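Chemist:
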Amino acid sequence: MLNVAILISGRGSNMQALVRESQKENAPFRVVCVLSNKADAAGLAWAQEQGIHTVVVPHKDFNKDRQAFEQVINEKLQECGAQLVCLAGFMRLLTPWFVQQWRDRFINIHPSLLPAFPGLDVQQKAIDYGAKLSGCTVHFVREEMDHGPIIAQAAVPVLPEDTAETLAARILKCEHQIYPQAVNWIAQNRVSIINEKVFIADAKAPQSLTNPCAE
Ligand code: GAR
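Taking the working numbering, the leading residue of the sequence shown gets 6, the next gets one more, and so forth.
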């Protein structure tokens with residue numbers, strides 16, 4: 006059983022998808038902690054209702070001393086026995102020190118087909134660029150933001166009438182599929198990183214791997 010910690014800053018819908026997956030019979034992972042840098046993050050209340058241990062580490066308490074902030078987060082994660090850390094809309098950049106502490110045990114979800122459109126407001130960026138496909142990516146975290154070995158992706162069409170909101174909603178549905186899937190694979194010990202590329206043992210057909218949202 007893999008112990009998973011989830012870091013959030015807001016509504017936490019991906020966190021909810023992971024928790025729900027962990028509550029299924031025979032799930033190979035459990036959520037041992039939901040941690041937020043914001044006391045009013047909507048997702049925290051939901052996690053508490055589920056009986057999950059929650060922790061708040063307000064970044065504002067640390068006067069821009071990022072490493073001191075991260076040291077406390079690190080201690081909290083150790084205390085709850087986390088073995089895998091999942092970013093789920095955690096809106097603070099983490100330093101190379103923290104990334105190194107959790108290297109290969111630290112993953113993120115991002116609402117674009119990386120390496121296209123890292124950063125913020127990426128649905129609008131995909132529309133403005135005229136991309137015909139966007140999607141989402143689960144990847145191991147490396148020092149560079151929204152960068153690292155890709156575990157799973159799902160592609161989503163960008164429609165002519167899309168706004169950032171409609172596209173984000175379509176992508177989010179796929180996020181809720183591929184994030185639990187990726188954590189399951191890791192918890193089942195099926196994921197290896199070779200030369201910064203991810204290989205999934207006993208994966209089904211490539212289509213189901215790369216685009217579980219395809220209709
Ligand atoms: C999600 O769309 C996630 O992919 C994105 O923030 C949103 C959080 O929503 N993450 C990033 O942009 C990371 N660069 P949620 O709180 O409902 O899971």
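Note that the Cβ used here is the ideal one computed from N, Cα and C, for glycine as well. Because the structure is a prediction, the values reported are computed rather than measured.
1. CB-CB under 8 Å to threonine 59, same chain, minus the five flanking residues each way: which ones, in chain order?
2. Return yes when the Cβ of valine 77 is within less than 8 Å of the Cβ of arginine 35, no when it is not.
3. Taking DSSP as the reference, what is the three-state secondary structure of serine 197?
4. At a cut of 8 Å, does the segment 152-165 reach the segment 179-193 through at least three beta carbon pairs?
5. Could you give the distance in angstroms between the alpha-carbon of proline 63 and the alpha-carbon of aspartate 45?
6. Closer than 7 Å to a non-hydrogen atom of ligand 1 - does that hold for the CB of aspartate 151?
7. Could you check which residue in Tyr134, Met20, Leu89, Leu164 has the C-alpha nearest to that of phenylalanine 122?
8. If you reduce the DSSP assignment to three classes, tell me which class asparagine 31 lands in.
9. Taking proline 33 as the reference, give the member of Met20, Ile13, Leu7, Leu12 with the closest Cα.
10. Of the residues Ser18, Thr100, Pro162, which one's Cα is nearest the Cα of glutamate 148?
11. Identify which residue in Met96, Glu26, Asp70 has its Cα closest to the Cα of arginine 16.
12. Under the three-state reduction of DSSP, which class applies to phenylalanine 103: helix, strand or coil?
13. Whose C-alpha, out of Pro120, Glu170, Leu23, Val61, is nearest the C-alpha of alanine 93?
14. From leucine 98 to leucine 177, what does the alpha carbon distance come to, in whole angstroms?
15. Within this structure, are the beta carbons of asparagine 79 and glutamine 106 separated by less than 8 Å?
16. Under 8 Å between the Cβ atoms of leucine 172 and alanine 208?
17. For phenylalanine 67, which three-state DSSP category applies?
18. Given that a residue counts as buried once 16 or more other Cβ atoms are within 10 Å of its Cβ, and exposed if not, what is glutamine 28?
19. Just checking my contact of histidine 115 with aspartate 151 at CB under 8 Å: how many whole Å lie between their CB atoms?
20. Is it buried or exposed for aspartate 70, if we count other Cβ within 10 angstroms and need 16 for buried?
21. Mapping DSSP to helix, strand and coil, what is glutamine 158?
22. Taking only the alpha-carbon atoms, compute the straight-line gap between cysteine 179 and glutamate 30 and give it to the nearest angstrom.
Modeler: Quick answer:
1. Cys38, Val39, Leu40, Ser41, Leu49, Ala52, Gln53
2. no
3. strand
4. yes
5. 10 Å
6. yes
7. Tyr134
8. coil
9. Leu7
10. Thr100
11. Met96
12. helix
13. Leu23
14. 21 Å
15. yes
16. no
17. helix
18. exposed
19. 5 Å
20. exposed
21. strand
22. 22 Å
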